[in-house]
Amino acid sequence: MWKLSVIFLLFGIHSVVRCEDTVSYRLSNTTEPVGYELWINTNIHNGDFEYSGRVRITIHALANTDEIQLNSVGLLIYNAYITEEGLVNAQRKSFNVNEYTENDQIIRLPLVEPLVSGRHYNLFLHFTGQLQNQAKGFFYNRYVDDFGRTFYVATTHFQHIFARWAFPCYDEPRFRTPFIVHISHGEGYWALSNMPVAGIDDHENGTVTTNFEQSVSMSVNVVAFTVSNFVSRGLIGPNNVPVTVWTPVHSIDQVEFGLNRLIDTMVALENYTGHQYSLPKLDNIVISDFVHITMENWGLMTFDSKFFLHQEGVTNLAQTIDVVKMVTHTLAHNFFGNLVGIPWWNYVWMTEGFATYFEYFLADEYFPELHMSDLFVVIFMHRILYDDSLPTTRAMSVYRENVFDLDDVFDGVALRKGSAIIRMLDNMIGKETFRKGVNYFLEEMAYKVSEPADLYRNLQKAVTEDDALPNDLTVQDLMYPWEHIAGYPLITVMRNYQANQIVVNQRKFKFQNTDDDPECSCWNVPLSMATANYPNMENTKPSVWMRSGVKEIVLSPLISVNKTWTSEEWVLFNVQQTGYYRVNYDTQNWRMLATELHQGPPFNIDTLNRAQLIDDSFNLAYSDIVEFPIALDIIKYIREEPEFPVWTAANKHLESLNRRLQGPSYDYYFGRFLRHLTEDLFDKVDVFENLDATESARITFLRPIIVDLACRSGSGKCLTATRVLVMAEALTGHRLVPHEKSSVYYCHGLKNANWQTFFYFWQRLHSLRNDQERHHLVNSLSCYQSASSVADLLGTTVDLETTGLEYTQLERFMVLATAFRNGHLRLVMVFLKENHEAIAKTYTFNSHMIEALREMTSFLQSEEDIAAFDEMLQVFFEAGHIGSLQMAGIRQEIEHNQKWVDQHQDSIEQWILNFFEPAQSSSSIKYVSLTALLFSLLLKAYL
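The C-terminal position of the sequence shown is numbered 1418 in the working numbering, with every residue numbered one higher than the one before it.
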């Protein structure tokens, strides 16, 4: 029988003063939650942002303790008491509890009578809070209906440590418990949570309480609840699970595509994983300006409207792909993150890596023509190969405890590197073996938290069954360096042409050739290869392994690998770039590869390997590992390239050179070279949208890449054609700009358009309500040539009094970035410096701003610009907007960019001069008659 006792909390909370380096941000291991019951009372239907609540946390004492620790931020806890579970008629005493240690966001509740190890207790906390104006904790969102009325909704975002902003809790993912939620709200609104509604209680004051069923055991970061007047549309998914989408009434006709994709993806994921979706229902709420894009709350997922709504004739193919990817990514988290969790955020690469990989893997089945798995490499993997080579990179599993540093673990290493390593592992052991291991993993770890060792153990089980790795190599041994060592290897292939042998070595690759243990032979590297004799690139299984600790291996034909080659033929490593590493060759092999590419289609080298050769050669050249003419020899063939994934890889490097080589000599040298690369394809793809339904989607995506590069090169045809397109639209009201990446055409067209044309599109932006349609204009208006007009436009992004409802946070960054990318760098620097306090409130100095500042460094051309930029950085630092490490990293990029131009501009321009012998005059470019183009455009519009 339970002993009758009540343990009272003392008044107040101990405020502990500690040195920063000794502060612990983790909860103690003396207690753990085993269940929650939460009551929330909100009047959001009246536009009231205050709310109240109470929570009962059932606690298990893991040790005798006179203190309970839990997390809370920004909440006023005005009543608290604790009883031993199972007692009745216990005396209770309430105290004000409104102080806690600000540094660590931990409340420490001192107890008169200690908790006894092994016993259960009920902790009751009553609190009030304020809905946040940004997506963390319990926050509000607003929308305007078709009649101009503003409505507010309240919803939650708890990942990664934001549950503590909504209610007092054990805010760590290692704690998995059932939750019971009750929401009191206006009777004209609906409440949703993770589980189905158990019942609704009516009250006399015009409010109701929605009660929800008890949930399965889950981490607090995927708990969710929302209160809105949204309407819904639903279908029955696999295993009779209701799948419902909630959105404002004016958007309900745009949910059908996403809803159907949810059903299709649930089926695909269940088939792949061998596990059914685990909850009795799946709700999905669609809101605007959700900066996290999506959130995988279990049973109540959240989507930003731009990444879910689909309107025929408005949503283009790229935006449709985004919807499919985000639906897939978010649903994948129901298995990786929800069903199987992680104990702490150092392992977030496991959940995000799987979700990102499936985002492309399953979308590949939906868009087979686009080969989404190719786009994964050129968009995701190439980006992280760059980021992961910087001095500031980190290992995948790196421990962060400070709550102010936890954002770092949700960076590209978690999203991109995690998925790239998972892709490599998938290809190394074979897709069926990998799928079997994933099934084992989910089966063993369901409703638990897991570490990488749990994943490796289950994959090893499948590998052993299928004999998928060499006997002396385990998954654990294979994965450990990739997980725990920052960066990745550079594989150098040096050929002995006389002996017809290949010497291969590995070292750590560091961009800018910085010295950080470059001799590290740390990884077990899967070496797949193709040769001119054996160019088949379908088989991605390793031809040979380069083992950890081995600096060099020697390969001979048919002895070391089942391939042949001669000294006159090229060899290529990392087939389809399935391995997470870069490859360098001796100069002769680079030249043979360049010659092979220059033969043009049909290519013997696979699409992804053509993209790889471009990306590797340029990054090696930027790092002074190879001479820059090697990279130019590789990319010069690109004018014959029909595949947009390869152009996607090439585009970023051509744009980078285009920025770096701006100046008095640009038009004669790099501008001329860029026009040469794009002019034939520009004529083929045209600036006009091909309305023929038989046009390849790959051509549809290739068109804006070519148009953008051609216009940036100074092509008269391109600049004239785009200007006529936008001026004709402003004159006639008929849209003539292609739907895919419309911002490319609007941007270049506005650069030389008149003020009336700019004003037309500015007014049009104000009238647009569809976020996907707004995207095109937000990304182009600040391209306009007039500095004063662009200054006024930038000013509207921080004027909350008049434009607070007109821009999302992401749109603000779009306006800013488009301005400095298109000739308004100095204007942007002045704007940022003079308005930094307002920018901190509207844009906020988040990861988007740091990325924007880093990108701006590549546009700095003069000492005057550099000095002004550095002065702006100092203002940001002194105001506390950026930290010293961020500022140092940005300054390092400025130094590297300037050094690089000094060292390489002359050699690049000399190579271009030699390439054009005999030199061609830039005056040979054919200009199209403005009158003829306008006539053609108007004719198309009215036919």
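Backbone N, C-alpha and C fix where the C-beta goes; we use that ideal spot for every residue, glycine too.
Following a CB-centred definition, is residue i positioned closer than 6 Å to any heavy atom of the ligand COA?
i: residue 750; result: The ligand COA is absent from the structure shown, which contains no ligands of any kind.
Please return the same chain residues whose Cβ sits closer than 6 Å to the Cβ of residue i, not counting the five positions on each side in sequence.
i: residue 1279; result: Low local confidence applies: a pLDDT of 41 at residue 1279 is under 50, so the model's placement there is unreliable, and no value is given.
i: residue 1395; result: Bear in mind that the predicted position of residue 1395 carries a pLDDT of just 48, short of 50, making it unreliable; the figure below should be weighed with that in mind. Nothing meets the Cβ criterion.
i: residue 660; result: 517, 666 and 702
i: residue 951; result: 931
i: residue 1430; result: This structure leaves residue 1430 out entirely; the chain is present only between 476 and 1418.
i: residue 814; result: 753 and 921
i: residue 1187; result: 1133
Can residue i and residue j be called in contact, C-beta distance under 7 Å?
i: residue 1184; j: residue 1207; result: no
i: residue 839; j: residue 848; result: yes
i: residue 724; j: residue 706; result: yes
i: residue 718; j: residue 744; result: no
i: residue 999; j: residue 1022; result: yes
i: residue 1012; j: residue 1081; result: yes
i: residue 726; j: residue 1246; result: no
i: residue 853; j: residue 1124; result: yes
i: residue 583; j: residue 544; result: yes
i: residue 996; j: residue 1018; result: no
i: residue 1007; j: residue 1044; result: yes
i: residue 1254; j: residue 1289; result: yes
i: residue 627; j: residue 519; result: yes
i: residue 1304; j: residue 1342; result: no
i: residue 548; j: residue 580; result: yes
i: residue 1103; j: residue 1382; result: yes
Could you give the distance in angstroms between the alpha-carbon of residue i and the alpha-carbon of residue j?
i: residue 1287; j: residue 1306; result: 13 Å
i: residue 553; j: residue 602; result: 6 Å
i: residue 1140; j: residue 1149; result: 14 Å
i: residue 1359; j: residue 1365; result: 10 Å
i: residue 755; j: residue 1210; result: 46 Å
i: residue 1218; j: residue 1258; result: 10 Å
i: residue 645; j: residue 893; result: 27 Å
i: residue 1128; j: residue 1334; result: 14 Å
i: residue 704; j: residue 642; result: 23 Å
i: residue 451; j: residue 1054; result: The structure shown has nothing for residue 451, since the chain only spans 476 to 1418.
i: residue 633; j: residue 1266; result: 37 Å
i: residue 871; j: residue 888; result: 6 Å
i: residue 1423; j: residue 884; result: Residue 1423 lies beyond the residue range present for the chain, which begins at 476 and ends at 1418; the question has no answer from this structure.
i: residue 796; j: residue 721; result: 21 Å
i: residue 1197; j: residue 1088; result: 32 Å
i: residue 1005; j: residue 961; result: 29 Å
i: residue 1390; j: residue 1037; result: 39 Å
i: residue 1048; j: residue 911; result: 28 Å
i: residue 816; j: residue 831; result: 16 Å
i: residue 897; j: residue 614; result: 35 Å
Please work out which residues of its chain come closer than 7 Å, Cβ to Cβ, to residue i, disregarding the five sequence neighbours upstream and downstream, and give them in chain order.
i: residue 748; result: 810, 913, 914 and 917
i: residue 441; result: Since the first residue shown for the chain is 476 and the last is 1418, residue 441 is missing from the structure and cannot be characterised.
i: residue 1397; result: Here residue 1397 scores only 41 on pLDDT, less than 50, and its place in the model should not be relied on; the value that follows carries that caveat. Excluding residues within five positions, the ones whose Cβ falls inside 7 Å are 1142, 1143 and 1147.
i: residue 1311; result: 1350, 1351, 1354 and 1356
i: residue 1404; result: Summary for residue 1404: the model assigns pLDDT 38, below 50, so the residue's position carries little reliability; its value from the coordinates is reported in the next sentence. Excluding sequence neighbours, residue 1404 sits near nothing in its chain.
Applying the criterion that 16 or more other CB atoms from any shown protein chain within 10 Å of the CB defines a buried residue, is residue i buried or exposed?
i: residue 675; result: exposed
i: residue 650; result: buried
i: residue 834; result: buried
i: residue 1361; result: buried
i: residue 1230; result: exposed
i: residue 1113; result: buried
i: residue 639; result: buried
i: residue 1176; result: buried
i: residue 1273; result: buried
Counting only the same chain and skipping the five closest in sequence on each side, list residues whose C-beta sits under 8 Å from that of residue i.
i: residue 1315; result: 1354 and 1356
i: residue 1261; result: 1230 and 1233
i: residue 905; result: 941, 943 and 1016
i: residue 1348; result: 1328, 1357, 1362, 1365 and 1366
Validate contact between the stretch 585-596 and the stretch 532-552 using beta carbons, cut 8 Å, 3 pairs | Yes: at least three Cβ pairs fall under 8 Å.
Validate contact between the stretch 1126-1145 and the stretch 1169-1178 using beta carbons, cut 8 Å, 3 pairs = No, the stretch 1126-1145 is not in contact with the stretch 1169-1178.
Three CB pairs or more closer than 8 Å across the stretch 678-687 and the stretch 756-773 | With a cut-off of 8 Å, the stretch 756-773 and the stretch 678-687 do not count as touching, because too few Cβ pairs lie within range.
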